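In the numbering used here, each number is its position in the sequence shown, counted from 1, plus 7. For each residue, glycine too, the CB sits at the ideal point set by N, CA and C. These numbers were taken from a predicted model, which means no experiment stands behind them.
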Amino acid sequence: MVTQFLISIWFALARLPFSAYRLISSSISMLLAMLLFALARERRTVALTNLALCFPDAAQLQRIRWAVAHIYLYLRTFLDRAWLWAGNEKVVRDRVLIENPEALSVLDSTSPTIFLAPHFLGLDAAWSRLCLEIDMVTMYSNQKNPVLNSLILEGRSKFGDQLLLSRQQGVRPLLAAMKKGRPLYYLPDMDFGERDSVFVNFFGVKAATVTAVARLSKLLQAQVVPVTTKYSNGRYSIHIHEPLPNFPLDDDTQSTQVMNHHIESWVKDNIPQYLWLHKRFKTRPAGESRIY
């Protein structure tokens, strides 16, 4: 009951005129960001630890500024999911811009396509906007809260004929969908443990990284097309990059390392908007001590 009530308020906020919505969502996010940074010790520690590992040469004050900015932007983009999931096509087209829509011509290729979408805060905006152009397949993790889980699935299925597969369904339906021509929208940079992962560097720190992009691109001879998103005051811009050249390599570990190097370059260009609240280095190689 409480969850439904909060969701109702959340979605009502998103129906306000855009100027009023931006002002209110910015104020709410700023207030909550300050409170969370002060009170949510575990998440604050995770963000600051990640930033210290990835940017050891940055001043501590700079890393604190990045962390506070990240939490603020995380909250703002979270609130935006209400209009992404409940808004109409015009709203999404107006607020989420594809910088280079001509790049979607890569889909005319006979090769299957993997959209490589690192965990920038605008990844849901990019998904919703691309859904207005093409039908895709993606994978998701079930949420503990069934109401929120249902909301997410319905929201991400709003536009077009999208195929959302849970990780429990395995890879077979995903392969079948890609062979029929659906691009895969894939988020490759979370720590899912050692299974199907290798330890490769991420900003010089060993990180358990799934090899799915390397394996799928090799198996299906798929092109890997990175998609990155930037957020600015209520609007998003999507950049569709050139397909990764000479990818994959023969060795899946080397391919995964190359992928991480590319992600590093995009993160450096947009530090506060990468997902620093995730325990990216939780799984450690044998013999290494815990980081968090």
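Let me make sure I understand the geometry here. Which of the options has the alpha-carbon closest to that of residue i?
{"i": "Val212", "options": "Thr10, Gly162, Glu271", "result": "Glu271"}
{"i": "Leu226", "options": "Ala215, Phe210, Met185, Val234", "result": "Met185"}
{"i": "Ser15", "options": "Arg136, Leu251, Ala93, Ser148", "result": "Ala93"}
{"i": "Phe127", "options": "Ser148, Arg174, Ser239, Asp259", "result": "Ser239"}
{"i": "Leu20", "options": "Arg83, Ala47, Ser296, Val265", "result": "Arg83"}
{"i": "Ala214", "options": "Phe206, Leu86, Leu181", "result": "Phe206"}
{"i": "Leu46", "options": "Val75, Arg70, Ala65", "result": "Val75"}
{"i": "Arg189", "options": "Gln69, Glu49, Leu137, Arg291", "result": "Leu137"}
{"i": "Ala59", "options": "Trp73, Glu49, Ala293", "result": "Trp73"}
{"i": "Ile245", "options": "Leu23, Val99, Arg291", "result": "Val99"}
{"i": "Ile141", "options": "Gly129, Leu160, Asn149, Ser112", "result": "Ser112"}
{"i": "Ala65", "options": "Ile278, Ser157, Phe288, Lys165", "result": "Ile278"}
{"i": "Gln228", "options": "Asp257, Ser157, Arg51", "result": "Asp257"}
{"i": "Tyr28", "options": "Ile71, Arg102, Arg70, Phe12", "result": "Arg102"}
{"i": "Leu55", "options": "Ala293, Phe288, Pro292", "result": "Phe288"}
{"i": "Pro119", "options": "Pro292, Leu284, Pro250", "result": "Pro250"}
{"i": "Glu201", "options": "Arg50, Ala293, Asn57, Leu104", "result": "Ala293"}
{"i": "Arg48", "options": "Gln176, Glu161, Leu158, Leu284", "result": "Leu284"}
{"i": "Tyr81", "options": "Leu114, Gly129, Pro24", "result": "Gly129"}
{"i": "Lys187", "options": "Leu114, Asn208, Lys237, Arg222", "result": "Leu114"}
Which residues does DSSP pair with residue i in a beta bridge?
{"i": "Phe127", "result": "Tyr281"}
{"i": "Phe209", "result": "Val212"}
{"i": "Ile121", "result": "Leu191, Val231"}
{"i": "Tyr243", "result": "Val103, Tyr238"}
{"i": "Met146", "result": "Leu172"}
{"i": "Ser204", "result": "Val217"}
Using C-beta distances below 7 Å, list every residue in its chain close to residue i, excluding the 5 sequence neighbours before and after it, in chain order.
{"i": "Tyr79", "result": "Ser36, Met37, Ala40"}
{"i": "Lys286", "result": "Val53, Asp198, Tyr299"}
{"i": "Ser224", "result": "Ile121, Val231, Phe254, Pro255"}
{"i": "Asp131", "result": "Arg88, Leu91"}
{"i": "Val217", "result": "Pro195, Phe199, Asp203, Ser204"}
{"i": "Arg163", "result": "Trp134, Gln169, Leu171"}
{"i": "Thr290", "result": "Asp198, Gly200, Glu201, Ala215"}
{"i": "Arg297", "result": "Arg291"}
Among residues of its own chain, excluding the 5 on either side of residue i, which ones have a beta-carbon nearer than 8 Å to its beta-carbon?
{"i": "Phe18", "result": "Ala89, Ala93"}
{"i": "Leu86", "result": "Trp17, Leu20, Ala21, Ser32, Ile35, Ser36"}
{"i": "Glu295", "result": "Lys213"}
{"i": "Leu1", "result": "It is not possible to answer for residue 1, since the shown part of the chain is limited to 8 through 299."}
{"i": "Ser173", "result": "Met146, Tyr147, Ser148, Asn149"}
{"i": "Leu160", "result": "Tyr147, Leu171"}
{"i": "Leu23", "result": "Ile31"}
Excluding sequence positions up to five away, which residues of its chain have a Cβ less than 6 Å from the Cβ of residue i?
{"i": "Leu43", "result": "Ile78"}
{"i": "Trp273", "result": "Thr235"}
{"i": "His248", "result": "Pro233"}
{"i": "Glu106", "result": "Ser244, His246"}
{"i": "Cys61", "result": "Phe210"}
{"i": "Leu282", "result": "His126"}
If you run the structure through DSSP and keep just helix, strand and coil, what is residue i?
{"i": "Arg48", "result": "helix"}
{"i": "Val217", "result": "strand"}
{"i": "His77", "result": "helix"}
{"i": "Leu42", "result": "helix"}
{"i": "Met197", "result": "coil"}
{"i": "Ser296", "result": "coil"}
{"i": "Gly167", "result": "coil"}
{"i": "Ile71", "result": "helix"}
{"i": "Ala66", "result": "coil"}
{"i": "Phe25", "result": "helix"}
{"i": "Ser116", "result": "coil"}
{"i": "Gly177", "result": "coil"}
{"i": "His269", "result": "helix"}
{"i": "Arg136", "result": "helix"}
{"i": "Gly94", "result": "coil"}
Assuming residue i and residue j make a contact with CB atoms under 8 Å, what is their CB distance in whole Å?
{"i": "Val220", "j": "Pro195", "result": "5 Å"}
{"i": "Met143", "j": "Tyr192", "result": "5 Å"}
{"i": "Thr260", "j": "Val154", "result": "About 40 Å; that fails the 8 Å criterion."}
{"i": "Met146", "j": "Leu181", "result": "7 Å"}
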